[in-house]
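What follows is a short report on a single structure.
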Amino acid sequence: MANSDQAAMPTPSAPLSRQDGRSPWKRRYRKYVVPWMFALPILLINIIVVIGPSLSAVYYSLTDWSGIGAGEFIGLENYRKILFSDMDYRRAFLNNLAWLAFFLTVPFAVSLFAASMLARIRRGSMFFRTALFIPYVLPAVITASIWRNLLSPTLGIGALLADWGISGLDVAWLGRPQTALISIAFVDNWHFWGFLMVLFLSAMQGIPPELYEAARIDGASRWQEFRHITVPGIRPTIVFMLLMVAIWSFLVFDYVWILTQGGPAGSSEVLGTLVYKQAFMRFEAGYASAIGLTMSLLAGMVISLFLYLRRRGWEI
Amino acid sequence: MKRLFRQRRDISLLPNYILLIILILFALGPVVVVGFNSVKDAASIGRNPLGPPTEFKWQNFPQAWEIGNFSTTTRNSLILVVGTVTSVLALGGMAAYALARLKLPGGGLLMLYLLVGSSLPVQLFLVPLFFLWRHLGLVNNLFGLIIIYVAVHSPFAIFLLRSYLVGIPPDFEDAARVDGANEWQVFTVIILPLSWPAFLTVGLVVGLGVWNEFLLATVFLTEQHLFTVVTSYYNFTSRFSRDWSLTSAAAVMMIAPILILFLTLQRRFIAGLTQGGLKG
Amino acid sequence: MRNATGKSLFLLVILSLVLAACAPAAAPALAGEAGAAEPIKLTHWIGVGTGGSEQAECTIANVVEPYNEMTEGVTVETVLQPNVWEAMRTAVAGGGGPDIVTTPGPSFVFEMAKSGQLLPLSDYAEQLGWADTFAPWALSLGLVEGELYSVPHELETLILYYNKTVFEENGWTPPATFDEMVALSQQIADAGIIPFAHTNGEWRAANEWFIGEFLNHVSGPDNVYLALTGQKPWTDPEFVEAIDLLTDMQLNGWFMGGLDRYYTGTDDERRVMLGDGVAAMTIEGTWALDNMSNYFGEAAGNNNEWDVIAVPSVTGEDIYDLGIGSTYSINAASPNPDAAAEFLTYYFSPESQATLLVECGVAPAPVTLTEEQLTGLDPRFAKAFAGLTQASDEGNYGYTTWTFWPPKSDVYIYEEIEKVWAGQITSEQYLQGLQDLFQEELEAGDIPPIPEREVSS
Chain A
37 MANSDQAAMP
47 TPSAPLSRQD
57 GRSPWKRRYR
67 KYVVPWMFAL
77 PILLINIIVV
87 IGPSLSAVYY
97 SLTDWSGIGA
107 GEFIGLENYR
117 KILFSDMDYR
127 RAFLNNLAWL
137 AFFLTVPFAV
147 SLFAASMLAR
157 IRRGSMFFRT
167 ALFIPYVLPA
177 VITASIWRNL
187 LSPTLGIGAL
197 LADWGISGLD
207 VAWLGRPQTA
217 LISIAFVDNW
227 HFWGFLMVLF
237 LSAMQGIPPE
247 LYEAARIDGA
257 SRWQEFRHIT
267 VPGIRPTIVF
277 MLLMVAIWSF
287 LVFDYVWILT
297 QGGPAGSSEV
307 LGTLVYKQAF
317 MRFEAGYASA
327 IGLTMSLLAG
337 MVISLFLYLR
347 RRGWEI
Chain B
2 MKRLFRQRRD
12 ISLLPNYILL
22 IILILFALGP
32 VVVVGFNSVK
42 DAASIGRNPL
52 GPPTEFKWQN
62 FPQAWEIGNF
72 STTTRNSLIL
82 VVGTVTSVLA
92 LGGMAAYALA
102 RLKLPGGGLL
112 MLYLLVGSSL
122 PVQLFLVPLF
132 FLWRHLGLVN
142 NLFGLIIIYV
152 AVHSPFAIFL
162 LRSYLVGIPP
172 DFEDAARVDG
182 ANEWQVFTVI
192 ILPLSWPAFL
202 TVGLVVGLGV
212 WNEFLLATVF
222 LTEQHLFTVV
232 TSYYNFTSRF
242 SRDWSLTSAA
252 AVMMIAPILI
262 LFLTLQRRFI
272 AGLTQGGLKG
Chain C
15 MRNATGKSLF
25 LLVILSLVLA
35 ACAPAAAPAL
45 AGEAGAAEPI
55 KLTHWIGVGT
65 GGSEQAECTI
75 ANVVEPYNEM
85 TEGVTVETVL
95 QPNVWEAMRT
105 AVAGGGGPDI
115 VTTPGPSFVF
125 EMAKSGQLLP
135 LSDYAEQLGW
145 ADTFAPWALS
155 LGLVEGELYS
165 VPHELETLIL
175 YYNKTVFEEN
185 GWTPPATFDE
195 MVALSQQIAD
205 AGIIPFAHTN
215 GEWRAANEWF
225 IGEFLNHVSG
235 PDNVYLALTG
245 QKPWTDPEFV
255 EAIDLLTDMQ
265 LNGWFMGGLD
275 RYYTGTDDER
285 RVMLGDGVAA
295 MTIEGTWALD
305 NMSNYFGEAA
315 GNNNEWDVIA
325 VPSVTGEDIY
335 DLGIGSTYSI
345 NAASPNPDAA
355 AEFLTYYFSP
365 ESQATLLVEC
375 GVAPAPVTLT
385 EEQLTGLDPR
395 FAKAFAGLTQ
405 ASDEGNYGYT
415 TWTFWPPKSD
425 VYIYEEIEKV
435 WAGQITSEQY
445 LQGLQDLFQE
455 ELEAGDIPPI
465 PEREVSS
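Residue numbers (this note's numbering), protein chains in the order written: chain A, 37 to 352; chain B, 2 to 281; chain C, 15 to 471.
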């Protein structure tokens, strides 16, 4: 932003470039036109596909619309309902926050742990890396149906353990309101963390090995190495993934939909499933648009926080 | 001396190996179950969904291949993956380069825009997008779907590539610029070779996303000869009757190509990381 | 000079994108905007949802292909769609889609018809004699504001499946009345067997199967009719009784052995349990008939047999709750509506429908089928469809929730019942909520037309 302010007026450095034998136009061309020529193609595609069509959703969020035909303009009524009277929305929102808390901690802890283990070893590192990434390759429907069976009280792991005398785990994890949401999060994380790990591992390869050697000479423990060299070394990647995971957490849909459709008794309802039900099952597409936009708004708040921190001088 | 040192080093790494093996059992166990189920019959899955098969029904595979019309759908999916991945890497890579290296004026705004764009649920813009695409003649057109995929997948790709590019020391580029290279040459001759492991990672992630995508593929491609592998897979899952043995066989066939691709790329991926000059 | 190359490359990229976006725009999206002399192509999407791809392929081979051979100049192009409703909805809303529009039931037709996306069919119905083909109650479900927009396909009902071998071994007889069914359930549970293999793990709306059965078989279809036509509130005691009874049975663990098991059991799991005799009965739709034999007999690893009866009612009378699994309409944007109507006439003829049932196990449309046409059919199928057809003809039928209730009420019925089972609300509160929502939809006119019924009082 600071850049563009400077650019708007002639800067003291202009005469300098003339000394280089370049015209101010050429300088400006290099400074503005060339970078934007690199960025423009993808921006245009994104505008045509995503933002353009989404603008109509902003209008529809102000209507009572069945999803087919014309909608009736009702102003901010949908938003009033979301804020003040829709208990389903409130519960879904809280579930999304719980989901967010889970995904900002558990997968990061597991994948950082595994990546730092993996970064040390040479023999078989490729095998480990590949094997741990494989769950990410599976599509959601397949992952979900495997885990539906694995978490079953009669056919799954719990039943197997009960046969071996370890009881207490043969409960219907997805069928109890207390455990449904956390079980879905567990399944989604099983699929997801290997991906995070590979990203972190790649970033770790960029840390100069001399730093570790120096630390070892100083007698640093493994934890100290991790804390003072590894984490700062890959911080941009960590922070960036925290941001992306936060955005994705508000969009979560497929695992919840396949495993419980929000049940039992609404205990695993999230905003994504609520939008789907309103739009495709109850024919309240206007209201669904409003819920969908609040999802983006929530994600937007997280993004703003990120940008704020960036401005405060965090190298992200 | 050298041998002794190596042994000691290996012993000190023993806990690492043990913990990693535990994690691997956790990650791969369920995948093995799919493999088992792909050779069982439907009734024995209901009774014994986890264990190894007692009888092998290998005919599940040719049957699933045929019912799912995998020969056509695999081809279509490959076209979509290759088209999307190359476009995302080319166009997204350019944008990432502009953001990381060219001090793009208004770059912060562009990033904000892309982030907000990627926070919109697809259902929100599905119908208007379909309307637009129909009028552009891009429905039932693999190229039309590629454009959509490029738009949907590029924000993440741009951010990831940017974060790698930021880390590359600027010395090489500056040297090239002094030699009179323009930005396009710097990008293609200097930056791409240096950062191709990052491009590979992004390509893999985007490729997987496209390969497994369902909603957009089924809405925008509604002619049989254009169906994708996920469609084939869905031919086995249905509302009231499911045949999980065939479904698992279809699942194995759906995963296999991407797995093989990944295993092949994995070698290069690691080689690239150690050679690419990223280490220092 | 190198600089210029770079620039032109950019221009080329942008230009090619713009061109690519514009060039094919001239191509028509709906196939066959052709003159009368040219061959007509009709597009028809078949969902692989219900019954899987085998039924769909069987339909094409036995009904669609013979039609294409029989007719000159008209080809019906079928496409198996894995996500047919979402694809259909989006495509039709975007002005495209196939010539023949299918939906998952009459209530889905409503909004599409009101916004002009479907072709009015009343003239075709008269011209082509559809009124003689279809059962009157069923055809009237396709009316929207007095005009016909869809015809019903896949007539379905719920029946009681039981493990005949387990019944014989234990000396149990199939229940004749609802009370007998409840008493028998207790007996079965005491014997250590699960009374009903009923789950919703893969299909949450399976909740509504039993809700609908209990409303019709405990409260009686007459009362349901009165409530559906707004002459009686859903909060009346006979409905409360039905929901209370259902909740008691659910909390007894009679469905799958416990609420949490009920919520997680898969379709395969529950059918295997019924087949193996771990469970004794289930109430499920006629759509399961085709698949049930896979879970019984030697091939399935047990030597058990199965049979079906009508779901018992309080009065002991056989009541079949009628449902429509899908509907057929013509796209308003279709360039060949006449040909499409001709095809529908052929498709819904008793001959075609009998072929579908006998050859493919596809539930037929509510059309009258003769016994001759049904030779070779599994006797259990025949029994179920005979009862169903009779009920449909005589008008003494019950109402399935997904066919006769408006969409929001329907979703409410199967979603909110879980709160009753969780103890969060009472049956009265549940029905009060249904009444409020139903009233709203009734006043807005969003309810499918309920065929007249003579209510004996």
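Where a beta carbon is used, it is the ideal one built from N, C-alpha and C, also for glycine.
Alpha-carbon to alpha-carbon, residue j and residue i
i: B:G208; j: B:L79; result: 9 Å
i: C:G160; j: C:K128; result: 12 Å
i: B:L146; j: B:S249; result: 27 Å
i: B:L262; j: A:R64; result: 45 Å
i: C:A105; j: B:Y150; result: 19 Å
i: B:V1; j: B:T232; result: Since the first residue of chain B shown is 2 and the last is 281, residue 1 of chain B is not available in this structure.
i: A:A335; j: A:A93; result: 17 Å
i: A:W284; j: B:L113; result: 15 Å
i: B:G52; j: A:L196; result: 10 Å
i: C:S363; j: C:T147; result: 7 Å
i: C:G46; j: C:P351; result: Bear in mind that a pLDDT of 41 at C:G46, under 50, signals an unreliable position, so the number given afterwards is only what the model happens to contain. Straight-line Cα distance between these residues: approximately 12 Å.
i: B:V153; j: B:L216; result: 13 Å
i: A:D254; j: A:P268; result: 18 Å
i: A:R347; j: B:L110; result: 13 Å
i: B:A218; j: C:N316; result: 42 Å
i: C:Q438; j: C:Y444; result: 10 Å
Contacts that residue i makes with chain B (C-beta to C-beta distance below 7 Å)
i: A:Y68; result: P106
i: A:S90; result: L121, L125 and F126
Contact belief for residue i with residue j at Cβ below 8 Å, rounded distance in angstroms
i: B:P31; j: B:K41; result: In fact, because the Cβ distance is near 16 Å, the residues do not count as touching under 8 Å.
i: C:V78; j: C:A70; result: With 8 Å as the limit, C:V78 and C:A70 do not qualify as a contact, their Cβ atoms being about 10 Å apart.
i: A:L295; j: A:V207; result: In fact, because the Cβ distance is near 15 Å, the residues do not count as touching under 8 Å.
Residue from the options whose Cα sits closest to the Cα of residue i
i: B:V117; options: A:G242, A:N82 and A:G255; result: A:N82
i: C:Y426; options: C:P393, C:D236, C:Q446 and C:P380; result: C:Q446
i: A:T215; options: A:G299, A:K62 and A:N114; result: A:G299
i: C:E68; options: B:Q60, B:E56, B:K58 and B:Q64; result: B:Q64
Partners in chain C for residue i, counting only beta-carbon separations shorter than 8 Å
i: B:Q225; result: V93 and L94
i: B:L127; result: T104
i: B:Y235; result: V62, P96 and N97
i: B:V206; result: The premise fails here: B:V206 is roughly 23 Å from chain C at the closest Cβ pair, so nothing lies under 8 Å.
i: B:V220; result: N97, E100, A101, T104 and A105
i: A:P189; result: D274, R275 and T278
i: A:H297; result: A small fix is needed here, since residue 297 of chain A is Gln in this sequence, not His. R218, listed in chain order.
Residue i Cβ short of 7 Å to the ligand ADP heavy atom set
i: B:T55; result: Only the bare structure without any ligand can be found here, which leaves the ligand ADP out of the picture.
Span of the alpha helix (DSSP H) around residue i
i: C:F452; result: S441 to A458
i: C:P120; result: P120 to K128
i: A:L235; result: A216 to M240
i: C:F310; result: Careful: C:F310 lies outside any alpha helix (DSSP H) and carries neither H nor E.
i: B:G108; result: G108 to S119
i: C:A205; result: From DSSP, C:A205 is part of no alpha helix (DSSP H); its letter is neither H nor E.
i: B:G30; result: L15 to N38
Where residue i meets chain C, residues with beta-carbon distance less than 7 Å
i: B:T232; result: P96
Closer than 8 Å at the beta carbon, the chain B residues around residue i
i: C:G110; result: F131, R135 and V140
i: C:W59; result: T223
Under 7 Å by beta carbon: chain A residues contacting residue i
i: C:T280; result: R184
Limits of the unbroken beta strand (DSSP E) element including residue i
i: C:G61; result: I54 to G61
i: B:P53; result: Per DSSP, B:P53 belongs to no beta strand (DSSP E) and is neither H nor E.
i: C:L336; result: Y334 to I344
i: C:N177; result: L172 to N177
Under 9 Å by beta carbon: chain A residues contacting residue i
i: C:S129; result: S102, I104, G105 and A106
Beta-carbon neighbours of residue i, restricted to chain C and to distances below 9 Å
i: A:K313; result: V425 and E429
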